Every structure is written in C-alpha cells, then in structure tokens.
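As given, the protein sequences belong to chains A and B, one line each in that order. First residue of the first sequence? That's 189 in the numbering used here, and the numbers climb one at a time after it. First residue of the second sequence? That's 32 in the numbering used here, and the numbers climb one at a time after it. Every residue, glycine too, gets a C-beta built ideally from N, C-alpha and C. Predicted model only: the values in this text are computed from it and were never measured.
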Amino acid sequence: MVRSYFLVPLIVSILSAGLHAQDPAALLEKIDRNLEPVSYEMYRKLINVEPDGKKKEFILYMVRKGNDKVAGVFLSPPTDKDRSMLRLGDNMWLYIPNVGKPVRITSLQSATGGVFNNADIMRIDFGAEYNVEQLRDSAGEYVFELKAKTRSVAYDRLRLWASKKALLPTRIECLTEARMLIKTLHFKEIKDFGGGVVRPSVIETDSPLYKGYKSIMIYAEIRSRQLGDEIFTVNYMSKIKELRK
Amino acid sequence: MSSIVCLLAFLLSAPVAAAPPEDYSFDTSGLDKRPYDLSASVELWPSLLFFNRDSDLYLIRYGHENPAHTGLYRVRAEAGAEYQYRSFLASASGSFNASYQSLGDSTSSDAKLYEGYLKYSPRASFSVLAGKKSFRWGKGYAYNPVSFAGRPRDLNDIDAALEGYWNLSAEYIRGSSGKLSAFALTGMVLPVYGSLNEGFQRDTTLAGVAQLYLLFFDTDIDGYFYADSRNDFKAGIDFAKNIFPSWEIHGEWAYAPDSRSTYFASDSVLASETRSANDIVLGTRYLAPSNTTFILEYLHRGSGLTSDRMGAYYGALGSARASDDPVIERATLKNSARYYSGQFLMTDYLYVKASHPEPFTIVYLTPAVYSVVNLVDGSFMGGFEMTYSRMRHLLLTARCVAFGGSPESEYGVKQVQQRIELRGKWSF
Chain A
189 MVRSYFLVPL IVSILSAGLH AQDPAALLEK IDRNLEPVSY EMYRKLINVE PDGKKKEFIL
249 YMVRKGNDKV AGVFLSPPTD KDRSMLRLGD NMWLYIPNVG KPVRITSLQS ATGGVFNNAD
309 IMRIDFGAEY NVEQLRDSAG EYVFELKAKT RSVAYDRLRL WASKKALLPT RIECLTEARM
369 LIKTLHFKEI KDFGGGVVRP SVIETDSPLY KGYKSIMIYA EIRSRQLGDE IFTVNYMSKI
429 KELRK
Chain B
32 MSSIVCLLAF LLSAPVAAAP PEDYSFDTSG LDKRPYDLSA SVELWPSLLF FNRDSDLYLI
92 RYGHENPAHT GLYRVRAEAG AEYQYRSFLA SASGSFNASY QSLGDSTSSD AKLYEGYLKY
152 SPRASFSVLA GKKSFRWGKG YAYNPVSFAG RPRDLNDIDA ALEGYWNLSA EYIRGSSGKL
212 SAFALTGMVL PVYGSLNEGF QRDTTLAGVA QLYLLFFDTD IDGYFYADSR NDFKAGIDFA
272 KNIFPSWEIH GEWAYAPDSR STYFASDSVL ASETRSANDI VLGTRYLAPS NTTFILEYLH
332 RGSGLTSDRM GAYYGALGSA RASDDPVIER ATLKNSARYY SGQFLMTDYL YVKASHPEPF
392 TIVYLTPAVY SVVNLVDGSF MGGFEMTYSR MRHLLLTARC VAFGGSPESE YGVKQVQQRI
452 ELRGKWSF
C-alpha cells in the first residue's frame with residue numbers, strides 16, 4: 189500500500205515526461221504534413237446532407253502552395269460551375285464568372301451553404317493559424333487544445349484529437365472564445381493516395397447550430413504539384429480551371 | 032422466452048438497420064479534363080409591372096389608355112463554349128433574349144455575343160488575348176466609375192453577364208510571399224470604328240486602357256488609365272481591405288478632365304457640356320455576428336446632372352405631355368431613353384443592402400433588402416429579393432422592386448412604380 193504512494197506518482201511523472209518530451213508544435217506540424225503535402229492539387233466532393241436525407245453535392249478542384257496560399261474552382265453543380273475561391277493568408281476572395289470580378293469574402297461565410305464555411309473549404313495548416321495551448325494524452329490519442337494566433341481565423345479555439353500511431357486527426361471540435369461548440373469534424377476512411385500521402389479521405393461535420401444537418405468532404409487524387417505564386421492572385425482566379433491536367 | 036428476446040433484439044436493431052450507410056464514394060473518372068467545355072442555361076422571367084400614373088413619362092406613353100399594370104414575360108438562353116489546345120484557349124459565349132408584353136401585345140427579341148476571343152498563355156504569368164472580352168473593374172457593389180473598359184451593371188440584375196468590347200490585350204501577373212504579394216498589369220487597345228465597339232465612345236477612336244493591380248499589405252489596390260486618339264484621358268484608383276475579418280472597406284475614385292454630359296437645356300433643345308469630373312465611391316461591408324451582411328456605399332458622380340438640369344428635363348416631359356403632339360412626344364421619349372435612362376443620373380447617392388443567408392436554418396435560402404437613395408432629390412429605389420439554390424440545376428429568385436419620390440424626382444418620374452418578378456434559371 190505504501191509502495192503504491194510512490195509508484196503511482198512515479199508512473200505518472202514518467203508518462204508525462206514522455207509526453208512533454210514531444211514538442212507540441214512539432215507534433216502539430218507532423219499532423220499537418222501527414223494531412224497534406226506543402227504544395228498540391230486535389231479534387232474534393234462536398235455533400236450537404238439535410239435532415240430528411242436529401243443531398244446537394246459540390247465538386248471542387250483545389251490547389252495549394254505553402255502555408256498561406258489556397259485556390260479552388262467549382263466543377264459542379266452547374267449553377268456554381270467555374271466559381272472560384274482564393275485564400276492568401278487571412279484574405280479570401282470569391283470570383284463569380286458572370287459578376288466578372290473577385291469580391292472579398294470572409295472565412296465565416298459559406299460559398300456552399302450548409303455546415304461547411306469558407307474556412308473549412310480553404311483550410312491551411314493548423315500550425316499556421318493556431319498555437320498549442322495544451323497537449324494531453326487520452327486513451328491512445330493526443331488531445332491538442334489549440335488557440336488562434338489572431339482574431340482573423342474562423343474559430344477561436346480547436347480541440348483536436350489525433351491518433352498517436354498514425355499522427356492523424358480523428359476528431360476536431362471548433363469552439364468559440366467562450367468554448368461554445370460551433371461544429372465537430374470527424375475524420376474517417378484512411379486511404380493511401382500515393383506519393384506517401386496516407387490520410388483520412390472523409391471529413392464529416394455536424395453542428396449544434398444546424399441540428400439534423402451534416403456536411404461531408406471527400407478527398408480524391410491528392411498529388412504533390414509545384415505551382416507558381418502567380419496562380420494565387422486575384423487576376424488568375426478566372427483561369428484556375430485551366431490548371432487541370 | 033428466447034424467441035421474445037430475439038424479437039426484441041430484432042425490433043431494437045430495425046431502426047439502425049434501416050439507416051443506410053453513408054456513401055463516401057467519389058468517382059473522379061468523369062472529371063478528366065477535356066479540351067472542350069460547354070455550358071448553357073435557360074432563364075424564364077415573368078414579371079408584373081405596376082405603373083406610376085402620376086409620372087409624365089407614363090402619361091406621354093400610356094396616358095390615353097390609362098393602364099394600371101402590365102405583364103412582361105422574358106426568356107433568356109445563354110450558352111458558352113471553350114476549347115483549349117496546349118497554350119491556346121478559344122472561348123465564346125452569348126445569349127438569346129425574347130420578351131412578350133401583354134400591354135400592346137408586343138414581342139421583342141435580340142441575340143448578343145457576350146464574349147468571343149482567342150487567348151495565348153505561354154506560361155501562367157503571361158497571356159495575350161484578341162477578340163471580344165468583358166472586363167469588370169472596381170470595388171464598388173453598386174457603381175464602378177473606374178470600369179473604363181466595361182459596361183455598367185444593372186443593380187436589379189447584378190449577376191447578369193455583360194457584353195464585352197473587342198480588344199487586343201495582354202496580362203502579366205506576378206505573385207510573391209512578401210508584403211507586396213501580388214502584382215498584375217493588364218493593357219489593351221480598343222478600336223471604335225463604325226459598329227465595332229459602338230457605344231464605347233461617341234466618335235471613331237483608338238483607345239488604350241491599362242490596369243495595374245497590387246496586393247500590398249493585404250490591401251487590394253488598382254490603378255486605371257485611359258487615353259485615346261482624340262486626346263481624351265481618364266485615370267482612377269480603387270482599394271479594398273479587411274480591417275477585421277468581418278469588416279471590409281473599399282473605395283474608388285475616377286477623374287475625367289473632359290467628361291461629357293447631354294441634357295435638356297429647354298423643353299425641346301438638348302445641350303452638351305464638357306467639364307472635369309471626379310466620381311467617387313466609398314463603401315463598407317460588415318458581417319454581423321448574426322450572419323447578416325450589411326453593405327453601405329456613398330456614391331458621388333461629379334459628372335452627374337444638377338437639380339436645375341433635372342428640372343429642365345421634367346419641364347421638357349411636362350411640355351411634351353401638354354402638347355399632345357405625337358411627334359414631340361416621340362422625340363422627347365427617345366431623348367429620355369437615350370440620355371436619362373441610366374442608373375445614377377444625378378450627383379449623390381446612398382446604397383444600402385442587407386442579406387441574411389439561411390434564415391431559420393432554411394439552407395440555400397438568402398433573403399436580401401436593398402435601396403438606392405438619391406440624396407439630392409430624396410427619391411429612392413428599394414428592393415426585396417429571395418434566392419433559393421437548393422436544386423442542382425435550378426436557381427430561383429423572387430424580387431419586388433419599388434420606386435418612390437415626387438413626380439419631379441429621379442426615381443419618382445419612372446413610369447413603373449412597382450415590379451414583381453420571379454426568375455427560374457436552369458443551368459446545365
């Protein structure tokens with residue numbers, strides 16, 4: 189009995205020392221890299237599912253370079269075809285072909301409607317937008333408490349669960365400053381995309397603000413691709429579709 | 032007993048079994064890029080127009096029949112085609128419009144080539160283009176005085192495609208990761224000769240237009256320059272910046288040393304004046320925590336008509352109506368349509384718009400209200416619209432627009448006082 193008084197703190201301190209031996213920021217960076225190459229192209233299908241099961245699908249072609257440049261163009265549905273979005277750091281624009289000029293949008297708006305907002309679609313690395321406030325160990329998973337570096341991000345706080353083995357997220361809760369839950373992202377269906385990219389191919393999202401609704405993002409053909417900086421400019425937004433091979 | 036347990040187990044598991052597993056398939060084989068791309072849409076657009084029976088414009092046109100309203104039924108078919116071969120892209124788009132008005136049992140139709148060009152892009156940063164292309168510049172939502180190479184938008188049909196002008200243009204883009212994160216230069220020449228680019232300028236000329244774009248310290252900044260073979264010159268600048276993620280500010284300024292306006296000098300005499308003019312837009316867009324977006328813009332048109340000159344116009348309309356002479360009436364209506372049918376005739380306006388997507392969690396529904404107020408004469412145009420984009424191919428819009436003001440004011444003189452319209456656009 190007396191021995192256990194010494195043994196338990198000893199085990200806890202060994203475990204916590206092991207945990208803190210890992211640099212939380214470096215761990216988060218590994219998770220970011222496991223999710224996406226630094227520079228890539230990919231296809232995404234977004235599905236908004238209504239409470240009665242009805243669905244609306246969007247298909248995007250997306251490119252990204254570095255930690256602050258993301259662009260995408262809608263390939264379907266026909267009502268949204270050729271609309272494009274651009275993110276440069278905290279700046280976001282939407283280009284609608286008939287309107288003919290890019291207009292500034294915010295990360296909290298939604299180009300597709302439903303649970304996903306623009307920040308979810310045009311996401312950059314977690315490490316670029318958030319600091320690790322706390323890292324916990326929970327049943328074989330890391331739990332990151334992330335705090336936004338600036339007020340320009342969509343969610344003030346994220347609680348990210350990541351598998352220790354694969355170093356990939358399994359669930360993320362998006363929270364307000366007051367820790368009110370805005371939405372939950374569930375990472376599913378780990379898939380080998382080739383080129384060393386093995387990651388969840390599905391992100392399912394639900395929100396207490398949209399009771400009964402959910403949105404699903406399915407990834408396909410993630411390929412590393414070298415892209416010029418000029419592609420990530422408002423002048424290029426009408427031409428993003430020309431990048432497809 | 033065991034059979035009861037099995038039955039209970041079956042009944043409890045039934046709802047779970049009934050829920051189909053989520054389909055996570057994503058077949059990208061149909062997404063292979065083809066050298067050609069086709070798109071088309073058909074839009075049906077019935078509307079009901081209620082006349083302003085105090086308006087002189089109405090009294091001249093319909094005074095003898097005295098109708099209260101009319102139905103206007105429009106259909107617009109748009110089609111676009113692109114063909115890409117290596118660094119070359121050929122693109123064409125156009126529309127066919129037809130309408131039927133129940134009053135007078137009249138029909139009309141026209142066809143427009145919006146764009147038709149050949150573009151050569153040897154690399155992502157550089158392209159040259161020859162043909163008809165629409166350029167839309169400026170940061171304002173309601174009015175873009177810096178749009179030196181484009182046509183003005185219709186506030187009540189703000190997403191409509193616009194016809195371009197024939198031009199030869201080149202574009203150079205450069206991006207980087209510094210404080211100056213984007214730089215782009217677009218230059219073009221536009222000839223105006225006979226029916227080529229008719230309406231772009233009033234005389235035959237060769238115009239050169241340039242746009243310089245910078246993204247500097249997270250601020251969009253554009254400079255615009257116009258010069259033509261008649262020694263006409265214009266310059267402009269605009270900017271847009273997010274002060275906070277939910278708060279954007281923007282502005283435009285255009286200066287024309289020789290801005291020309293035509294107006295009624297007396298009842299039947301038109302006069303023209305050339306003077307320097309500054310056109311200004313100052314605006315902001317705010318996304319409230321409630322997810323409502325507000326847009327507020329102040330518009331100043333230095334080239335706009337003064338109260339005295341608008342007074343002469345109202346006087347000319349009144350005289351034409353009183354004359355009861357069909358020749359004078361027709362001539363006055365023709366000049367009114369030519370010189371007084373624009374959207375911002377006078378000098379100072381306020382534009383406000385509020386839109387709220389997905390009210391009461393009705394996904395894909397966006398209601399909006401908007402208004403333009405003429406700050407000089409107090410007249411206004413106000414609209415309420417709802418768009419619904421639930422369907423894959425169909426976009427539905429319902430809109431009600433009203434014009435208010437005294438009979439001798441910009442919006443009060445319009446012959447239509449209210450308009451209710453429904454639009455269904457089927458894209459494929």
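_Nearest-angstrom beta carbon gap, alanine 121/B and leucine 29/B [assumed within contact, 8 Å]_ = Outside the displayed range of chain B (32 to 459) lies residue 29/B, so it cannot be described from this structure.
_Under the three-state DSSP convention, the category isoleucine 274/B falls into_ = Strand at isoleucine 274/B.
*Check whether the Cβ of glutamine 297/A lies closer than 8 Å to any Cβ atom in chain B.*
True, the Cβ-Cβ gap to chain B drops below 8 Å.
*Quick check: the segment 400–407 of chain B against the segment 245–258 of chain A, are there 3 or more CB pairs under 8 Å?*
They do not touch, by the three-pair rule.
*With distances taken between CB atoms, is the gap from arginine 275/A to valine 291/A smaller than 8 Å?*
Judged by their CB atoms, arginine 275/A and valine 291/A are not nearer to each other than the 8 Å cut-off.
*CA-CA distance, alanine 40/B and phenylalanine 57/B?*
With a pLDDT of only 49 at alanine 40/B, under the threshold of 50, the placement of this residue in the model should not be trusted, and no figure is reported.
*Between the CA atoms of tryptophan 76/B and serine 354/B - distance to the nearest angstrom*: When rounded, the distance between both Cα atoms is 37 Å.
*What did DSSP end up calling glutamate 224/A once you bin it into helix, strand or coil?*
Coil.
*When burial is assigned at 16 or more other CB atoms within 10 Å of the CB, is valine 47/B buried or exposed?*
Note on valine 47/B: pLDDT 43, under 50, position unreliable in the model; no value is reported.
*With contact counted as at least three CB pairs below 8 Å, one residue from each stretch, are the segment 306–324 of chain B and the segment 265–284 of chain B in contact?*
Touching, yes.
*Please state if the CB of asparagine 255/A and the CB of alanine 350/A are separated by a distance shorter than 8 Å.*
The Cβ-Cβ distance between alanine 350/A and asparagine 255/A does not fall below 8 Å.
_With a threshold of 6 Å on Cβ separation, who are the neighbours of methionine 32/B within its own chain once the five nearest residues in sequence on each side are excluded?_
Low confidence applies here, because methionine 32/B scores a pLDDT of 45, under 50, leaving its location unreliable; read the following figure in that light. Cβ neighbours of methionine 32/B beyond the five flanking positions: none.
*Report yes if the CB atom of glutamine 416/B is closer than 8 Å to the CB atom of alanine 429/B, and no otherwise.*
Reading off the sequence shown, one finds glutamate at residue 416/B, where the question assumed glutamine. Going by C-beta atoms, glutamate 416/B is nearer than 8 Å to alanine 429/B.
*Going by other Cβ atoms of all chains shown within 10 Å of its Cβ, with 16 needed for buried, is alanine 45/B buried or exposed?*
At alanine 45/B the pLDDT is 45, less than 50, meaning the model places this residue with poor confidence; the figure from the coordinates comes in the next sentence. Looking at its Cβ environment, which holds fewer than 16 other Cβ atoms inside 10 Å, alanine 45/B is exposed.
*To the nearest angstrom, how far is it from the Cα of serine 126/B to the Cα of glycine 102/B?*
Approximately 22 Å between the Cα atoms of the pair.
_Report the start-end ranges of each beta strand (DSSP E) in the segment 330–356 of chain A that is 3 residues or longer and not cut off at the edges._
DSSP runs (the beta strand (DSSP E)) wholly in the segment 330–356 of chain A: 345–351.
*Give the secondary structure of lysine 384/B by DSSP, where H, G and I count as helix, E and B as strand, and everything else as coil.*
Strand at lysine 384/B.
*How about aspartate 436/A and proline 285/A: do their beta carbons lie closer than 8 Å?*
Residue numbering for chain A in the displayed model covers 189 to 433; residue 436/A lies beyond these limits and cannot be assessed.
*Okay, do the segment 232–241 of chain A and the segment 332–342 of chain A touch, 3+ Cβ pairs below 8 Å being the bar?*
The answer is no - the segment 332–342 of chain A does not touch the segment 232–241 of chain A, with fewer than three Cβ pairs under 8 Å.
_Alpha carbon of glutamate 430/A to alpha carbon of glycine 162/B, nearest angstrom_ = If you take the alpha carbons of glutamate 430/A and glycine 162/B, they lie about 19 Å apart.
*Starting from the Cα of alanine 308/B, find the closest Cα among Gly267/B, Tyr370/B and Tyr380/B and give me that residue.*
Alanine 308/B has its Cα closest to that of Gly267/B, out of Gly267/B, Tyr370/B and Tyr380/B.
_CB contact below 8 Å: aspartate 308/A versus chain B_ = For aspartate 308/A, no Cβ of chain B is located within less than 8 Å of the residue's own Cβ.
*Taking buried to mean at least 16 other C-beta atoms within 10 Å of its own C-beta, is phenylalanine 275/B buried or exposed?*
Exposed, since its Cβ has fewer than 16 Cβ neighbours within 10 Å.
*What did DSSP end up calling asparagine 236/A once you bin it into helix, strand or coil?*
It is a strand residue.
*If you scan the segment 85–168 of chain B from start to end, which runs of the beta strand (DSSP E) of 3 or more residues do you find wholly inside it?*
Secondary structure in the segment 85–168 of chain B: the beta strand (DSSP E) runs of 3 residues or longer, each lying completely within the stretch, are 100–116, 119–132, 137–154 and 157–164 in chain order.
_One or two residues paired with histidine 281/B in a DSSP bridge_ = The secondary-structure analysis by DSSP pairs histidine 281/B across a beta bridge with Ala271/B and Gly314/B.
*chain A residues whose Cβ lies nearer than 7 Å to that of lysine 64/B*: Chain-order list of chain A residues neighbouring lysine 64/B: Arg432 and Lys433, by C-beta distance under 7 Å.
*For arginine 205/B, I'd like the list of residues in its chain whose CB is within less than 8 Å of its CB, leaving aside the five on either flank, ordered along the chain.*
For arginine 205/B, same chain residues with a beta-carbon under 8 Å away, outside a window of 5 residues either side, are Ser156, Ala213, Phe214 and Ala215 in chain order.
_Which listed residue (Val106/B, Gly335/B and Ala123/B) has its alpha carbon closest to that of glutamate 113/B_ = The option with the nearest alpha carbon to glutamate 113/B is Ala123/B.
*Closest by CA to lysine 353/A, which one among Thr300/A, Pro388/A and Tyr330/A?*
When each option's Cα is compared against that of lysine 353/A, the closest is Tyr330/A.
*Whose Cβ in chain B lies nearer than 8 Å to the Cβ of phenylalanine 262/A?*
Chain B residues near phenylalanine 262/A: none, gap ~12 Å exceeds 8 Å.
*Per DSSP, which one or two residues make a beta bridge with phenylalanine 264/B?*
Note: phenylalanine 264/B is bridge-paired with Ala258/B in the DSSP secondary-structure output.
*Which same chain residues, not among the five before or five after leucine 211/B, have their C-beta less than 8 Å away from its C-beta?*
In its chain, beyond the 5 residues on either side, Leu245, Leu246 and Phe247 have a beta carbon closer than 8 Å to the beta carbon of leucine 211/B.
*Look up glutamate 360/B in the DSSP assignment and say whether it is helix, strand or coil.*
Looking at glutamate 360/B - three-state DSSP - the assignment turns out to be helix.
*What is the DSSP secondary structure of valine 223/B, counted as helix, strand or coil?*
Strand, per DSSP.
*Considering only C-alpha positions, which residue in the set Asp394/A, Lys399/A, Phe375/A and Thr393/A is nearest to isoleucine 393/B?*
For isoleucine 393/B, the nearest C-alpha among the options comes from Lys399/A.
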